[in-house]
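First comes the structure, then the notes that go with it.
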Amino acid sequence: MREASFYKRFFTLTLIIGLQNIITFGVNLSDNLMIGGYSESALSGIAIANQIQFVLQMLVMGVSEGLVIMASRYWGANDVGSIKRIASIGMRLSILVGLLMWVIVFFFPQSLLSLFANDQSVIAEGTKFVKIICFSYLFFSVTSILLATLRSVETVKIGFILSSTTLIINVCLNYVLIYGHFGFPSLGVQGSAIATLSARMIELIIVCVFVKRYDRKIYLKLRDFFTIEMGLFKQYVKLGSPILMSNFIWGIAMATQTSILGHMGAAAIAANSIATTIFQIVSVVVFASASATTIVIGKTIGEGNMDKIVSYAKTLQMLYLVIGLCTGAALFVTKDYVLGLYTISGEAKDLALQFMTVLSVTVCGTAYQMPSLTGIVRSGGDTKFVLYNDTIFMWLIVLPASALCSFVFHLSPVVTFICLKSDQILKCFVAIVKVNRFKWVRTFDPYSSDSKETAV
């Protein structure tokens, strides 16, 4: 396809969202590096505690994705009023998720962390961390919805600025509070939690100021979040509930994966934490391409340009393959250098190296199937398919096979890790068939819960 505006829009969105994501994951990397130099049990404790944070992120992301899919269509139709009403629905749901997660984590921290590890020193460190970090959940939930609303109308630079600010604040406070520099007490994992909480609070203040003073597309006001329209709410629930459920199941599945590896020792937990964090940083373009796809496809449908959908989808699939090969090569080449930054045991370092080698292969599958299914198919309106697909692969194939490897056959952590990531390759075959049948476009009446398949 030779449409220059398509490539410009896709790559601009992917670049800016990717930069935002790399800085966001850089916050996690700074936590890992600084805590990794403090103690391995502290690193492992934060690793299992972050699995709870990951579940929250997946739930809030589910709410946000539903918002972006709907709002981007209205952006294509120049209907800003509906975008405001959709933002109100998303905000209410996201705040509810944040409050529920805070209650569960604050009152039952040890019980939750015990699901992921047996080592009491690891659980103790993790408990110190979550008792503080859980207060950031509400700030994160509100910020995410505001950013998603802005992203749906192609305002993405604020996300990059926000992430950069958060990284600087987090790194500085980590340095001061973890080790006790400049006269502050050495707080260890509690210092890391305080640093992240402070960064989340400042993050919310910045995005609120931007929405209030600088946004010139939506003009969101506080009163916009006190109105709700039942027609849009029903459509949001129909379109968004499969995404929310899919993300919840995925978040629980990732936590279960950590639990399986966690019962194989502290070294396996630390190695998985390091490998996953580095993988997330290297693969930011993969996830950014899915977000960019959602906006591009959603807006195109909203504009009524159905004749462009087929050529867009075919071109995007080729771009995903190129992104995957480049990402896999980057991860494979940099893995040894990055591991040299960590102060961990030889066993944990060897495992992390092997885990990243596996990820450098499976990321090629991730780069194709994930944006194809969550970017193209979901934004087209067929949100139930990804829910069914993820449920079958994760809960009927990957997790049972991995549990057998770990608990029954007592195979090595590396073999278990390969089983845990095998779905990233297997899903590619499903994605190829699903996307190229072009039966995933759904149009809907904004004032009812009805939707219908549209031929493209």
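Going by full-length UniProt numbering, the first residue of the sequence shown is number 1, and it counts up by one from there. Quick reminder that beta carbons are idealized off the backbone N, C-alpha and C, glycines included. Small disclaimer: the values here were computed from a predicted structure and weren't measured.
In this structure, how does DSSP classify R216 when only helix, strand and coil are distinguished? The residue labelled residue 216 in the question sits at position 216 within the sequence shown. In this structure, DSSP gives R216 a state outside helix and strand, which the three-state scheme calls coil.
Hey, out of V286, V338, M264, whose CA is closest to N118's CA? As a first step, residue 118 is located in the sequence shown; it is residue number 118 there, counting from the start. Ranking the options by Cα distance to N118, first place goes to M264.
Is the beta carbon of F139 less than 8 Å from the beta carbon of L204? Locating residue 139 in the sequence shown gives position 139, counting from the first residue. Locating residue 204 in the sequence shown gives position 204, counting from the first residue. Yes; because the gap between Cβ atoms is below 8 Å, this pair is in contact.
Between E3, S141, L239, which lies nearest to T383 when the distance is taken from Cα to Cα? Looking up residue 383 in the sequence shown gives position 383. Of all alpha-carbon atoms in E3, S141, L239, the one lying nearest the alpha-carbon of T383 is that of L239.
Give the DSSP-derived three-state secondary structure of V122 in the structure shown. Along the sequence shown, read from residue 1 onward, the residue named residue 122 stands at position 122. In this structure, DSSP gives V122 a helical state, which the three-state scheme calls helix.
Just confirm the distance between the C-beta atoms of Q369 and K427, as a whole number of angstroms; I'd bet it's less than 8 Å. The residue you call residue 369 lines up with position 369 of the sequence shown. The residue you call residue 427 lines up with position 427 of the sequence shown. Correct: roughly 4 Å between the Cβ atoms.
Cα-Cα, which of T300, Y312, N305, P371 is closest to G324? What you label residue 324 is simply residue 324 of the sequence shown in a count that begins at 1. Considering only T300, Y312, N305, P371, the residue with the shortest C-alpha distance to G324 is P371.
Assess, as a yes-or-no matter, whether the region 255 to 275 is touched by the region 326 to 334 under the definition of 3 or more beta carbon pairs within less than 8 Å. No: fewer than three Cβ pairs fall under 8 Å.
Kindly indicate the opening and closing residues of the alpha helix (DSSP H) around D350. Against the sequence shown, residue 350 aligns to sequence position 350. The continuous alpha helix (DSSP H) containing D350 extends over residues 346 to 370.
By the three-class DSSP mapping on this structure, what secondary structure does Y447 have? Within the sequence shown, numbered from 1, the residue matching residue 447 stands at position 447. Unreliable placement is indicated for Y447, whose pLDDT of 48 sits below 50; the coordinate value is still reported in the next sentence. Y447 falls in the coil class under three-state DSSP.
Any C-beta of chain B sitting closer than 8 Å to the C-beta of I132? No chain B is present in this structure, which holds just one protein chain.
Excluding five sequence neighbours on each side, which residues of the same chain lie with their C-beta closer than 7 Å to the C-beta of S422? Within the sequence shown, numbered from 1, the residue matching residue 422 stands at position 422. Hits under 7 Å: V398.
Once DSSP output is grouped into helix, strand and coil, what is the label at G304? Start at 1 with the first residue of the sequence shown, and residue 304 comes out as number 304. It is coil, neither helix nor strand.
Which class does V153 belong to by DSSP, given the choice of helix, strand or coil? Here the question's residue 153 lines up with position 153 in the sequence shown. DSSP places V153 in the coil class of the three-state scheme, outside both helix and strand.
With a 10 Å radius around its C-beta and 16 neighbouring C-beta atoms as the bar for buried, classify residue 475 as buried or exposed. There is simply no residue 475 to check, as the chain begins at 1 and stops at 456 in what is shown.
What is the DSSP secondary structure of G381, counted as helix, strand or coil? On the sequence shown, residue 381 is found 381 positions in, with the first residue counted as 1. Residue state, collapsed to three classes: strand.
Just to confirm, is the Cβ distance from I228 to S72 under 8 Å? What you label residue 228 is simply residue 228 of the sequence shown in a count that begins at 1. What you label residue 72 is simply residue 72 of the sequence shown in a count that begins at 1. Judged by their CB atoms, I228 and S72 are not nearer to each other than the 8 Å cut-off.
For M201, which residues of its own chain have a beta-carbon under 6 Å away from its beta-carbon, when the five flanking residues on both sides are left out? Start at 1 with the first residue of the sequence shown, and residue 201 comes out as number 201. Result list for M201: F139, in chain order.
Proximity below 8 Å, CB of L19 to CB of F160: Counting from one through the sequence shown, the residue named residue 19 turns up at place 19. Counting from one through the sequence shown, the residue named residue 160 turns up at place 160. Yes, the pair counts as a contact, with Cβ atoms nearer than the cut-off.
For S186 and Y342, what's the separation of their Cα atoms in angstroms? For this step, residue 186 is matched to residue 186 along the sequence shown. For this step, residue 342 is matched to residue 342 along the sequence shown. About 20 Å.
Residue burial classification, S5 (beta-carbon count within 10 angstroms, cutoff 16): Position 5 of the sequence shown, counted from the start, is the residue given in the question as residue 5. Exposed is the call here.
Starting from G328, trace the alpha helix (DSSP H) both ways and give me its first and last residue. Along the sequence shown, one-based indexing puts residue 328 at 328. In the DSSP assignment, G328 falls within the alpha helix (DSSP H) that extends over 309 to 339.
State yes or no: is the C-beta of G380 within less than 8 Å of the C-beta of V441? Within the sequence shown, numbered from 1, the residue matching residue 380 stands at position 380. Within the sequence shown, numbered from 1, the residue matching residue 441 stands at position 441. The answer is yes: Cβ separation under 8 Å.
Outcome for P242 when other beta-carbon atoms lying within 10 angstroms are tallied against a minimum of 16: Your numbering for residue 242 matches position 242 in the sequence shown. Residue environment analysis places P242 among the buried positions, since at least 16 neighbouring C-beta atoms fall within 10 angstroms of its C-beta.
Taking C-alpha atoms, which residue in Q57, G126, Q257 lies nearest to F417? Your numbering for residue 417 matches position 417 in the sequence shown. Minimum Cα-Cα distance from F417 among the listed residues Q57, G126, Q257 corresponds to Q257.
For the putative contact between G298 and I145, defined by C-beta atoms under 8 Å, what is the C-beta separation to the nearest angstrom? Residue 298 sits at position 298 when you count from the first residue of the sequence shown. Residue 145 sits at position 145 when you count from the first residue of the sequence shown. Wrong, their Cβ atoms sit about 17 Å apart, outside the cutoff.
Quick check: the Cα distance between L387 and G183, rounded to an integer number of angstroms? Mapped onto the sequence shown, residue 387 falls at position 387. Mapped onto the sequence shown, residue 183 falls at position 183. Going from the Cα of L387 to the Cα of G183 covers about 51 Å.
Measure the alpha-carbon distance for S41 versus T315 and round it to whole angstroms. Here residue 41 refers to the residue found at position 41 when the sequence shown is read from its first residue. Here residue 315 refers to the residue found at position 315 when the sequence shown is read from its first residue. Each residue's Cα considered, the two are about 46 Å apart.
Distance between V237 and S449 (C-alpha atoms, nearest Å): Against the sequence shown, residue 449 aligns to sequence position 449. Against the sequence shown, residue 237 aligns to sequence position 237. At S449, the pLDDT of 49 sits below 50, so the modelled position is not reliable; the number obtained from the coordinates is stated separately. Straight through space, the alpha carbons of V237 and S449 are spaced by roughly 8 Å.
For S246 and M318, what's the separation of their Cα atoms in angstroms? Working through the sequence shown from its first residue, we reach residue 246 at position 246. Working through the sequence shown from its first residue, we reach residue 318 at position 318. Answer to the nearest angstrom: the Cα atoms are 26 Å apart.
Using 8 Å as the threshold, is the region 148 to 163 in touch with the region 209 to 216, meaning 3 or more CB pairs across them? Because the criterion of three Cβ pairs below 8 Å is met, the region 148 to 163 and the region 209 to 216 touch.
List the DSSP bridge partners of residue 477. Missing from the structure shown is residue 477; the chain here goes from 1 to 456 and no further.
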